[in-house]
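Below is one structure, written out as structure tokens; the observations come after it.
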Amino acid sequence: MSQNNRPNQSRRQDAQDILPDSARVSTTSHSSQDDDASDPHKKDNMAHSHTLQHSHSPEDDDIDIHTHSHADDHIKATEDLDNDDLPEEISDEDKETIKKVAGDDNLSQAKSYASILVEQVIHAKETFERSLGSLFTSAFTAGLEIGISFFVILSAFALLNDVLPSRYAMVLSSLLYPIGFIIVVIGQSLLFTEQTSLLSLPVLNKIEPLHKLLRLWGIVIAGNIVGGCLFAALIIGLGLHMHLFTDHAIDAYAEHILGFEWWVIFGSAVLAGWMMGVAAWLVTSARDTLSRIVLVSIITGSIGFLGLHHSIVGNIEVFSALLYGNTVSLWHYLIFLIIVLVGNTVGGVVFVAVLKNRTFLFEIERVKEQVAEARAEVDRRRF
């Protein structure tokens, strides 16, 4: 979720691009804005529509990302949409509809569904526009940072295994799973499973082509894997020499990950990808850092407690056993990595991105119908 502040014009262009096709269809023809202002009937309709969506006038709504913090930029991305932010070819009716479902001006309440999705699409589009070097470096950093989870888990497991049965020691140590994820999410590095559903949203809305998404995924995966393998080679090796854990503990965790049929691993990876997609959605819905830390801890802690298969953490776990253990071969490592990557992708894209996006499109149509009915009622009362 790493995003940089950008000029107002770029942010406005993102707001134009995120609109789904169903919201771009103009149901009625409109004359120029000057004509609308001079026609009392149209003027009443437009005023009524503004009342429905509880928004400010275009003159009062201006996005100024230079005078707000990064968190405030996220809110402004959807809260301050005005007519100038939307494409000219969209009718006034559809403009009011988009602003109504994406408006989010009450900080005491949870963000609206549409506000979260619009914000995620904007952030994903910004990721598409980053340089390849920036993407790989951020993904490489995430691969290193996520390894901290496994390092701490192994150390805790080795300590607890001396006083508890191995099964209980493994479950309790897995509760430390969120540490690396908190570092990655709050530090805004690019982690594949977190970005899987997020980055697919511009493609689902026909803003970016599929081949760019696949290239971006490839860069993020490569960076995560290289960073994770380097962490395993250096830091896990360091932990062995520090006597924080033994090679038997590394083999035990590899067996904990690999000791299933391939279809069980795939199903577990789908569920883990789904939960990571939900985590990305919830983090966007949160308004402060503390809430995000709590949400990430709950979701990723559940993944660790259940022993679900996460491709990037799993890469470090299995690669560590390949280097320092006695039970994992290169073939087992590669097959495992492919199965889990595919499973995580399916879980994140299908169960989060596709379903959340379709819900947003249905919401657009519902509000359009409400606006049309309200305008029809105004017409009946006037005549």
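Under this note's numbering, the final residue of the sequence shown carries the number 1386; numbering is consecutive throughout. Note that CB positions come from ideal geometry on N, CA and C, so glycine has one too.
Point to revise | Within the segment 1287 to 1371, ranges of the alpha helix (DSSP H) (whole runs, at least 4 residues) | key: 1292 to 1309, 1314 to 1327, 1333 to 1351
Check your understanding: If you drop the 5 nearest sequence neighbours on each side, which residues of the same chain put their C-beta closer than 8 angstroms to that of valine 1187?
Key -> Ala1145, Glu1148, Ile1149, Leu1194, Glu1197
Exercise for review: Please state whether DSSP places glutamate 1132 in a helix, a strand or coil.
Suggested key: coil
Check your understanding: Grouping DSSP H, G and I as helix and E and B as strand, with all else coil, what is valine 1187?
Key -> helix
Point to revise | Close beta carbons around serine 1169, own chain, < 8 angstroms, minus the five adjacent residues each side | key: Ala1255
Practice item. Can you tell me which of the three DSSP states serine 1158 falls into? Key: helix
Exercise for review: With a cut-off of 8 angstroms on the beta carbons, I'd call glycine 1310 and serine 1177 a contact; round off their distance for me.
Suggested key: 7 angstroms
Review point. So does the segment 1135 to 1145 actually touch the segment 1296 to 1312, counting three or more Cβ pairs closer than 8 angstroms?
Key: no
Check your understanding: Exposed or buried, which one is isoleucine 1156 when buried takes at least 16 other CB atoms within 10 Å?
Key -> buried
Check your understanding: Along the chain, where does the alpha helix (DSSP H) that runs through glycine 1242 open and close?
Key -> 1240 to 1244
Review point. To the nearest angstrom, how far is it from the Cα of glutamate 1122 to the Cα of phenylalanine 1354?
Key: 19 angstroms
Check your understanding: Hey, how far is the Cα of valine 1316 from the Cα of serine 1200?
Key -> 18 angstroms
Point to revise | Three-way DSSP call (helix, strand, coil) for leucine 1178 in this model | key: coil
Review point. How about the segment 1327 to 1343 and the segment 1207 to 1217: do they share at least three Cβ pairs that are nearer than 8 angstroms?
Key: no
Practice item. Could you tell me which of Ser1118, Asp1165, Glu1132 sits nearest to glutamate 1211, measuring between CA atoms? Key: Glu1132
**Study point:** Member of Tyr1327, Cys1232, Ile1125 whose CA lies at the smallest distance from the CA of leucine 1243
**Key:** Tyr1327
Exercise for review: Determine the closest residue to valine 1349 out of Val1321, Leu1175, Gly1280, with distance taken between C-alpha atoms.
Suggested key: Gly1280
Check your understanding: DSSP on threonine 1140, reduced to helix/strand/coil?
Key -> helix
Review point. Expressed to the nearest angstrom, what Euclidean distance is found between the alpha-carbon atoms of leucine 1120 and proline 1205?
Key: 11 angstroms
Check your understanding: Can you give the beta carbon distance from isoleucine 1228 to asparagine 1347, rounded, assuming they're within the 8 angstroms contact cut?
Key -> With 8 angstroms as the limit, isoleucine 1228 and asparagine 1347 do not qualify as a contact, their Cβ atoms being about 13 angstroms apart.
Review point. Do you know how far the Cα of alanine 1117 is from the Cα of valine 1166?
Key: 50 angstroms
Review point. What do you reckon, are the CB atoms on phenylalanine 1154 and valine 1299 nearer than 8 angstroms?
Key: no
Check your understanding: Could you give the residue range of the alpha helix (DSSP H) that holds glutamate 1197?
Key -> 1195 to 1207
**Study point:** Reduced DSSP secondary structure (H/G/I, E/B, other) of lysine 1215
**Key:** helix
Check your understanding: Which residue's Cα is closest to the Cα of glycine 1270: Ile1151, Ala1324, Leu1293, Gly1351?
Key -> Gly1351
Point to revise | Reference glycine 1304, options Leu1135, Leu1233, Leu1179, closest by Cα | key: Leu1179
**Study point:** isoleucine 1149 (DSSP reduced to helix, strand or coil)
**Key:** helix
Practice item. Look at the alpha carbon of proline 1181 and the alpha carbon of methionine 1173, and state the distance between them as a whole number of angstroms. Key: 15 angstroms
Exercise for review: Determine the burial state of asparagine 1329: buried for a count of at least 16 other Cβ atoms within 10 Å of its Cβ, exposed for fewer.
Suggested key: exposed
**Study point:** Three-way DSSP call (helix, strand, coil) for aspartate 1250 in this model
**Key:** helix
Point to revise | 7 angstroms CB neighbourhood of leucine 1213 in its chain, flanking five on each side removed | key: Val1206
Check your understanding: Tell me which same chain residues have a C-beta within less than 6 angstroms of the C-beta of isoleucine 1253, skipping the five on either side of it?
Key -> Ser1323, Ala1324, Tyr1327, Gly1328
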